Structure formats: structure tokens, C-alpha cells
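The structure appears below as C-alpha cells.
In the numbering used here, the protein residues as written are 7 to 382.
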């Protein structure tokens with residue numbers, strides 16, 4: 007999140023809610039952003055830009071609907087603009103919003119090139135605006151549980167960490183995420199979550215190997231990825247596919263004092279998708295617990311480890327507090343992520359000494375040396 011001021015960035019009148027404008031009303035807006043914004047005290051879901059007013063009004067009858075994003079940019083009463091649109095539109099929309107003096111939240115991935123990310127970050131800093139990337143899965147129930155385990159040293163020194171987002175969708179759908187345009191495919195859709203979580207836990211790796219493929223007949227974009235992040239005494243595996251009918255573990259973690267294995271996905275997305283509204287007392291509870299295995303003497307001991315509740319509402323609560331000056335704006339870590347995964351199609355790739363090990367129409371393997379990259 008760009009900007010580190012402690013004072014309010016909303017002017018002198020603090021009596022009103024922060025008025026939020028939402029661009030588009032597709033899956034991300036309908037499932038995540040609209041209900042999370044509306045459920046956050048101090049935020050007002052005021053205006054949505056959409057070509058389908060009927061769809062918006064069915065869910066949010068009191069929200070104003072405008073036909074184009076420019077109406078949000080020109081509205082002096084809008085404080086914050088949220089951009090959960092197709093990935094290749096993030097940059098122009100975010101730039102226009104910042105230039106209009108708005109604070110901005112962009113859904114992941116931030117942009118589709120590193121140069122675009124750098125330009126937006128510099129622009130936000132120069133204008134004193136908050137610019138944040140929506141990484142909601144930092145507040146997944148299982149990730150919060152795992153983060154607590156590592157912080158308490160329950161597993162000891164982690165040597166192996168494996169994280170999966172696997173789905174079974176053998177037929178290619180006619181949607182922009184599965185078409186061949188910039189920022190399409192699950193490397194840009196699912197991998198940012200896994201990379202963000204891994205870097206949050208362990209920091210930047212020394213190097214990274216990425217295997218991308220198009221495995222389904224008719225696939226136009228990446229539908230398989232397998233990334234290996236190398237640390238001096240640790241390996242982190244990030245895996246995603248659209249062809250996994252069997253249930254695979256969400257997390258497999260091995261450390262010097264024990265192991266943790268967790269199946270199932272955080273339930274918050276499904277609850278939001280079903281139309282549930284916030285706040286709710288039982289929000290974020292995951293009915294599937296993990297298994298913690300430790301060795302005591304010569305005996306292997308397994309125990310069920312309760313999963314702590316997830317907390318997606320924490321993201322927009324933090325945005326509210328930052329805009330009100332109640333807390334400093336925390337850096338979002340966008341730069342770390344872009345140094346890792348935006349290189350595959352970014353203009354920055356041609357500037358770096360990386361090695362394309364194999365390239366065919368449906369297969370790519372790339373080794374990234376992070377030391378060289380960060381010096382570039």
C-alpha cells in the first residue's frame with residue numbers, strides 16, 4: 007500500500023463515511039468487494055459503474071449506478087475507487103483514478119507488467135494517495151492458523167512448504183480469464199494468492215523455477231503451474247491445476263519439530279457467493295481442521311488442530327483506518343510479487359539475465375535468479 011502518512015487523507019470533514027466507488031459488477035465485485043465494503047463500518051458503497059443496472063439494483067437497491075468509470079473519477083464525493091476488472095484494465099483505470107485524486111484499491115494481480123506497477127506506485131506517492139492491492143487470502147482461516155503455528159515455533163524450522171489451488175474444470179469456458187489475452191490464465195488468477203502467502207511467511211527466495219502449461223484441449227491460457235521457491239534451507243512448492251478431480255491437500259508443511267497438513271478451502275468465498283451479508287457472529291469458521299503430527303521420543307503423535315476463523319473483513323477495515331489516519335499505511339508488498347510472477351509477460355523480462363530453458367506453444371519453464379533481478 008503506497009503512502010505512509012499518519013494524518014487523515016480525507017480532508018477536514020471526518021463526520022461522513024468514506025464513500026466508495028466500485029468499477030464493474032462481475033464475479034469479484036459481486037462476491038467479494040461489494041459485500042465486504044458494505045459490511046465495513048465507516049465505509050459506504052455509494053456508486054457502482056456497470057452496464058447492467060438491473061443486476062446491480064437487484065443486490066444493492068440504494069446504490070447509485072453509472073454507466074462508465076469516468077463518472078466515478080469526476081465525482082467529487084467519491085473518496086476511494088475499487089478496481090476488480092479484467093487484469094489488463096487495472097493499469098489505465100488505476101492511473102485515471104489516481105490522477106483524479108482518488109485513493110485506489112486494485113484487485114490482484116496489480117498490473118500485467120512491472121513497469122506499469124512501478125509507474126502507479128510512483129504516481130500514488132507523488133500525489134499522496136493510498137494505493138493497495140486486494141490480497142484477501144492473507145485472511146484465510148487456514149493461512150491464519152498456519153501463520154500462528156509458525157510464529158509460535160510449533161513446527162520448528164520449516165524445511166518444506168507446499169501450497170495448492172487445485173480445481174477440476176476440464177472444459178475451457180468462454181471467459182476472459184481463460185482466453186489468451188494479457189493477464190489471463192491461472193498463473194495470474196490463482197498464483198498471486200499463493201505467492202503472496204509464501205512471501206508473507208518466508209520473505210523473498212534466493213531463486214525460483216516456474217513450470218507453466220496449457221493442458222486442457224483448446225486451452226488458450228495457462229491452466230497449470232508448478233513453482234519452486236528456493237531458500238538456503240527450505241523449499242516452497244506452489245501448485246495449481248484445472249485438472250484435479252481428486253482432493254489434494256491445501257497445505258503440507260514439514261519442520262524440524264513436526265508437520266501440518268490441511269485439506270479444504272477457506273469457506274468465506276462460498277458464503278459470500280451465496281449472498282450472505284456481513285457482519286455475522288459465526289463469520290469465517292472453517293469446519294475442516296488440520297492435522298498436526300509431532301514425534302515425542304520414539305512415538306509419533308497426531309492431533310487435530312482447530313482452524314482459527316478467517317477474516318476477510320479485516321482488509322477493508324484496514325483501508326478505512328489508513329484513510330482516516332488511525333494507522334499508518336502498511337506497504338502492500340506488490341513489488342516483491344511483481345519481481346516474481348509478472349516477468350513472464352512483462353517488458354521487464356527482456357531487460358534481465360534470465361534463461362528460457364524450454365519454450366513451446368504449450369509449455370514454458372523459467373528459472374529466475376532473484377539476486378540478479380533485484381539488482382536490475
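Using N, Cα and C, we set each Cβ at its ideal position, and we do this for glycine too. Predicted model, so just to flag it, every value in this text is computed and none were measured.
Open item on the list: Could you compute how far the alpha carbon of residue 160 sits from the alpha carbon of residue 295?
Closed with: For the purposes of this step, residue 160 is taken as the residue at position 154 of the chain shown. For the purposes of this step, residue 295 is taken as the residue at position 289 of the chain shown. Roughly 16 Å separates the two Cα atoms.
- [ ] Would you be able to state if there are at least three C-beta pairs under 8 Å between the segment 272-284 and the segment 300-319?
- [x] Taking 8 Å as the limit for Cβ pairs, the verdict is that the segment 272-284 does touch the segment 300-319.
Open item on the list: Checking 8 Å against the spacing of the C-beta atoms, do residue 85 and residue 135 come in under that value?
Closed with: As a first step, residue 85 is located in the chain shown; it is residue number 79 there, counting from the start. As a first step, residue 135 is located in the chain shown; it is residue number 129 there, counting from the start. Their beta carbons are not under 8 Å apart, which means residue 85 does not touch residue 135 by this criterion.
Open item on the list: If distances are taken between C-alpha atoms only, which option among 208, 288 and 178 comes closest to residue 3?
Closed with: Missing from the structure shown is residue 3; the chain here goes from 7 to 382 and no further.
TODO: Taking residue 290 and residue 147 to be in contact with their CB atoms under 8 Å, please state how far apart those CB atoms are, rounded to whole angstroms.
DONE: Within the chain shown, numbered from 1, the residue matching residue 290 stands at position 284. Within the chain shown, numbered from 1, the residue matching residue 147 stands at position 141. Contact flag correct, Cβ pair sits at about 6 Å.
TODO: Starting from residue 296, trace the beta strand (DSSP E) both ways and give me its first and last residue.
DONE: Residue numbering aside, residue 296 sits at position 290 when the chain shown is read from its first letter. Segment 296-302, the beta strand (DSSP E) holding residue 296.
Open item on the list: Per DSSP, what are the beta-bridge partners of residue 110 in this structure?
Closed with: Looking up residue 110 in the chain shown gives position 104. The partner list for residue 110 (beta bridge, DSSP) reads 87 and 137.
Task: Cα-Cα separation, residue 259 to residue 104 - done: As a working note, residue 259 is residue 253 in the chain shown. As a working note, residue 104 is residue 98 in the chain shown. Each residue's alpha carbon lies about 41 Å from the other.
- [ ] Classify residue 347 as buried or exposed, calling it buried when 16 or more other Cβ atoms lie within 10 Å of its own Cβ.
- [x] Here residue 347 corresponds to residue number 341 of the chain shown, with the count starting at 1. Any reading at residue 347 must be qualified, since the residue scores a pLDDT of 49, below 50, and its modelled position is unreliable; the value itself is stated next. Burial call: buried.
Task: residue 165 - DSSP class collapsed to helix/strand/coil - done: The residue you call residue 165 lines up with position 159 of the chain shown. Residue 165 sits in a strand when the DSSP states are folded into three classes.
Task: Three-way DSSP call (helix, strand, coil) for residue 154 in this model - done: For the purposes of this step, residue 154 is identified with residue 148 of the chain shown, where counting begins at 1. It is helical.
Task: Pair within 8 Å by beta-carbon distance, residue 144 and residue 195 - done: Here residue 144 corresponds to residue number 138 of the chain shown, with the count starting at 1. Here residue 195 corresponds to residue number 189 of the chain shown, with the count starting at 1. No, the pair does not count as a contact, with Cβ atoms beyond the cut-off.
Open item on the list: Relative to the C-alpha of residue 303, which candidate in 273, 117 and 263 has its C-alpha closest?
Closed with: Position 297 of the chain shown, counting from 1, holds the residue named residue 303. Comparing Cα-Cα distances from residue 303 to each of 273, 117 and 263, the minimum goes to 263.
- [ ] Rounded to whole angstroms, what's the CA-CA distance from residue 357 to residue 68? Just pull it up for me.
- [x] Start at 1 with the first residue of the chain shown, and residue 357 comes out as number 351. Start at 1 with the first residue of the chain shown, and residue 68 comes out as number 62. Low per-residue confidence applies at residue 357: pLDDT is 31, beneath 50, and the placement is therefore not dependable, though the value from the model is reported in the following sentence. Between residue 357 and residue 68, the C-alpha separation is close to 50 Å.
Task: Close Cβ partners of residue 309 (< 6 Å) along its chain, the five nearest in sequence each way excluded - done: Within the chain shown, numbered from 1, the residue matching residue 309 stands at position 303. 298, listed in sequence order.
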